[in-house]
Each structure stands twice: as structure tokens, then as C-alpha cells.
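Heads up, the thing below is written out as C-alpha cells.
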Amino acid sequence: MISKNLIKSSLIYTIFGALPMVSGFILLLFYTNVNYISKPDFGAFIIYISFTLFVQTLINLGLDTYIGVSYFENKHDKLINKSKIGALTGYLVLWGIIIIAIFSLTGESIFKLVFQSKDIFFYPYGFMAIITAFCNSYFKTYTNLLINQQRATRFALVNSINFIATLGFSLSGLFLYPLTLTGPMWGRMLSGIVIFIIAFFSFSVEFPLRISLGKELKQTLHFSLPVLLFLLISWSISNIYPFIMKYFMTLNDVAIFGLVLQLTLLVEFLLNGMSSAIIPKVFGLITDKKLTGSTPELNKYFSGFNAFALIVIPASTFFIPLFLPLLISKDYEASFIFLAMLNIGFASRGLYNYFLTPIYLFKKTSVLPKMYLITAFLQIIISVVLIKHFGIWGAVAANFITKVIQNLLLFLASRKFFNYEFNVFKFIWLPLIVTLVIIFSEYFVTESNLDLIRLVQMVFSYLMVYIFYRNEAVALFKDLLSKSNIHLKSITNI
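For the sequence shown, our numbering begins at 109 and goes up steadily by one.
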């Protein structure tokens, strides 16, 4: 059974790790109000967010991943750990400054080449996106270290500050400058600066920043460059759609698809929160026992993750279209029809994490660029063809197909050095059955019966989870009930 400490840490990481999603949802209620931002402007904002994520990935250099691996490698030697992590933060700052300088000189030309229109500008919004990306990258690296250190209290505190700063600056800007992107872009940048300052001084106190060239830099780049290429390709897989849609369609269409992608963040953040609690345990288990293959103890973490995913996915798909129309403009209600197909793509996230973990831990990251380059190439071709002929539905289908290809290639790559043996019903058949039922039932969805069909989907998924995970689910439910008061007191005392 999943341990009590895991439940407690999972609650903390899920709740406070989801605060960016909560702030994003609150802001979404204002961004989708045509009295504050027009629909084309919201479509442009989606593109700027995607660009921010691209630059954030580029600046991060895969160091947010490497800092966790490095911490576990050297956790028994504090001096080496202090020196190593200090060097990683130094590389991150130096590389970020270089990227900002490069885009300052070339950004305007790049934007004119890519967008070839007057809808999307580099100055000022594109440049503000770069500054935001640098700040967010540094903060993300810091919070990843906190997760691996299992410092849940500090993690909760800094994420709470980020939440308050994001809402405060963004809403103030939106009210001061309605019907422009000035407020949203300034809000993101100023809140980014606040969390950068927090992360910078926190790092400096515990791990003084340093720049170390030679062997240490070479070792870092040996790990991080393949990861960077992998993450850039992953960005393409997740965020290329608005750019392709902008070429074939309008910013209004980008706004609709952009909104439904934002709505899937509820599932993604909940799954990331559970992953944040599980992965440090998995890293420790594999490292301490020197595992080269699956064990029942290892499988229980990812098996539980699968069950959790199949609980939150249909719930999100059902409740969001049920209540959100009360809060957003009717101009955006068309986005709800696409939600189920996008959400169900997360059903295989447990396998994705399982296949990816050994690659990171055993430093086999050189396989990632080759594998994901194939994925990205296929994804771009599929997206262009499907979006051109089927519009938004084409983007939805391309997103789902790409996730399937991604998991398959991850498995083929990682099985060469890690032997997988797990319960096929819990890891394969349950997600597959639920996925197929949802896809089939979506064919019959109309505006009048959407809520009913989504309710049936949720009931069916929960029934399947109960059948396949009955013993684990009952034991976990009883444990949560008996310990809920203790957990809540722990969280409120943070």
C-alpha cells in the first residue's frame, strides 16, 4: 500500500504545485471576457505564451532535470553537492544572459520571418516573453531541487508567493489597460521577476553561484545537451499547434484551441503533482537497490499513478463544461466539445513517466533527441495535413496521435537497459479500454447531450478503476479518511 508519508507529500506537492494552474484559471476567466481582451488578442496571447515556453526551455538547458540527478548522486557529500549545484545555477544564469542578448539582436527579424503579418510583434511583447522565460526557468530549477530535497514546506511557500504575485500584477495590468495585451504581458513578466529574485537569493544562501569550466562543464553539457534537444522537440510536440493554426486559420481559431489546451492544464498539473511525490521515491528506490528492472515495489508507484490519472481525467472532462459556461463569455463555449479527446491523451502518462525515469537516472539521455526528433517530424507532418483539412479537430487528433507515438518510442529506447515487467491489465488494458470508450462515445456528443455523455464516461472510468484496483483503492480510501485531519493540520501549519 502507498505509504502515509507519500500521501502527505503528494497532497502538498499537488495542492501547491497546482497554484500556477489555479492562477491561470482565475486569469482565464478575465482573459476570455471580451470586455477585457478581444478574441483575436487572446489568440495572439496564446502564441506569446507558447513562445515563452520555447525560450524557457532553451534557457533552462535541461538543468532543472540535471539538478535533481546531481543532488541524488552527491547527497551524502554536502561539500560536493554545494559546489556542484552552485555551478549549475551559475551556468543557468550565464546561458540565460547569452540567450537574451541573442534574441535582442535577432528577435524582430525572426518574428517577421515566421509570422509575416502585423498581428504578432517581437517588440515589446516578444521581448517581454524572453525576460519572463528567463525568470521562470530559474524558478522552475529551484522548485525542482526543493522537490528532490523533499522540502515540502519551502515548496509550498515559494509557490504561494508566485501565485499572489501573478494574480496581483496581471489583474492590475488588465484593469489599467483593458482591450490590450499590455496588462497580461506585464503581469507575467513582473511576477517572473519576483520569483527569480526569491530563487536567486535562496540558491545563493545554500549553494553560492559559481562558474566552473573544464571537466565539470563538460560533464554537465554531456547530460544536458541531449535533454535540451529532447525538451525542445517536446515543446514542438506540445506547442507547435498555435503556430501552424495561425498559418492556415485565424487568431479566433487559435483562441478557441488555446482555451481548451489551457483547460487540460487541470489534469496535467494534478498528474504533475502526483509525479512530484512519486519520482523522488522511485529515484531513491532504483538508486539504493541498484535496480535494472521492474519490481513489485517499483510497479506500485506507477500502478497507483495510472489509477489516479483515470480518476482525474473524466472528472475534469465532466465538471469543466458543466460549470465554466457560468463564468466565461459565450464566444468560447465551442471549445468544450474538444476537451475529452485532449484530456484522454493523458491516460498513458503513467507509462510515459515509467519509461522516461530510467533514461534520466541512468544518464542515457543521448537516446532522447534521436527518438523525439522522429516524433516531432511525424507530428509536424500529421499536424499540417490534419489542421489544413480538418481545422481544430485536426489539431486535436494530431495531439492524441503524437502522444501514442511518443510513448511507443520511449519504451523501445528504455527497454534496452531496463527490463520492464508489470501487470498488463493495470498498465495497458485499463487505460486503453477507457480511451477507446471515450473516443467512441464522443462521436455521439452534441450540445444538448454533452453533459450526459461525459457523465457516463466518468462513471465507466471509475467502475474500471474499481475493478482493476479494488484492493489498493479501498485501502487508500480508508487511510485517507483516518489520516485526513492530520494531513490537513500539517498543510495549514505550513
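Cβ atoms here follow ideal geometry from the backbone N, Cα and C, with glycine treated the same way. Everything numeric in this text was worked out from a predicted model, so none of it was measured.
- Here Gly322 carries a coil assignment [DSSP, helix/strand/coil].
- Cβ-Cβ distances below 7 Å link Glu529 to Gly401, Ser402 in the same chain, with the five nearest sequence neighbours on each side left out; the list follows chain order.
- For Asn451, the enclosing alpha helix (DSSP H) stretches over residues 447-451.
- With the rule of 3 Cβ pairs closer than 8 Å, the region 565-573 does not count as touching the region 480-498.
- In this structure, the straight-line span from the alpha carbon of Pro477 to that of Ile145 is close to 39 Å.
- For Arg523, there is no enclosing alpha helix (DSSP H), as DSSP gives it neither H nor E.
- Checking the DSSP bridge columns, you'll see Gly401 partnered with Asn527.
- Here the alpha carbon of Ile238 sits roughly 14 Å from the alpha carbon of Gly295.
- No residue range can be given for His184, since it is assigned to no alpha helix (DSSP H) and is classified by DSSP as neither H nor E.
- Inclusion of Met353 and Ala503 in the CB contact set at 9 Å is warranted, their separation being smaller than that value.
- For the options Ser299, Val420, Phe391, Asp172, the alpha carbon positioned closest to that of Leu379 is the one of Val420.
- Within the same chain, Cβ atoms closer than 6 Å to the Cβ of Thr197 are found at Phe311, Leu317, the five residues on either side in sequence being excluded.
- The beta carbon of Val142 is closer than 7 Å to those of Ser437, Asp439 in its chain, skipping five residues each way along the sequence.
- With three or more CB-CB distances shorter than 8 Å, the region 158-168 counts as touching the region 228-242.
- Contact between the region 367-375 and the region 174-184 is absent: fewer than three C-beta pairs spanning the two stretches fall below 8 Å.
- Under the three-pair Cβ rule at 8 Å, the region 126-139 does not count as touching the region 200-217.
- Taking a contact as a CB-CB distance under 8 Å, the pair Tyr460 and Leu518 counts as one, their CB atoms being some 7 Å apart.
- The alpha-carbon of Pro350 is positioned some 7 Å away from that of Ile154.
- Note that the C-beta distance between Gly499 and Met293 is not below 9 Å.
- Under the DSSP assignment, Ala273 falls in the alpha helix (DSSP H) whose first and last residues are 260-284.
- Proximity of the region 119-129 to the region 248-266 meets the contact definition, three or more beta-carbon pairs being nearer than 8 Å.
- By the C-beta criterion, the region 321-329 is judged not to be in contact with the region 480-488, since fewer than 3 inter-stretch pairs fall below 8 Å.
- Rounded to whole angstroms, the separation of the alpha carbons of Asn252 and Thr160 is 19 Å.
- Collapsing the DSSP output to three states places Glu314 in a helix.
- The C-alpha of Phe338 is placed about 10 Å away from the C-alpha of Ile345.
- Inclusion of Leu336 and Asn189 in the CB contact set at 9 Å is not warranted, their separation being larger than that value.
- The distance from the Cβ of Tyr480 to that of Ile272 is about 36 Å, inconsistent with a contact at the 8 Å cut-off.
- Boundaries of the alpha helix (DSSP H) harbouring Lys147: 147-168, taken from the DSSP string.
- Listed in chain order, the non-local C-beta contacts of Leu406 below 8 Å within the same chain comprise Val390, Leu393, Ile394, Leu399, local neighbours out to five positions each way being set aside.
- Counting other Cβ atoms within 10 Å of its Cβ, Arg457 reaches 16 or more and is therefore classed as buried.
- DSSP places Ala126 outside both helix and strand once states are collapsed to three, so it counts as coil.
- The Cβ atoms of Phe235 and Ile303 lie no closer than 9 Å to each other.
- Rounded to whole angstroms, the Cβ separation of Phe508 and Met449 is 6 Å, and the two are in contact under 8 Å.
- Excluding residues up to 5 positions away in sequence, Ser384 lie with their Cβ nearer than 6 Å to the Cβ of Ile255 in the same chain.
- The shortest C-alpha to C-alpha distance from Phe548 to any of Arg562, Leu329, Lys511, Ile319 is the one to Arg562.
- Between the alpha carbons of Gln257 and Ser191 lies a gap of roughly 16 Å.
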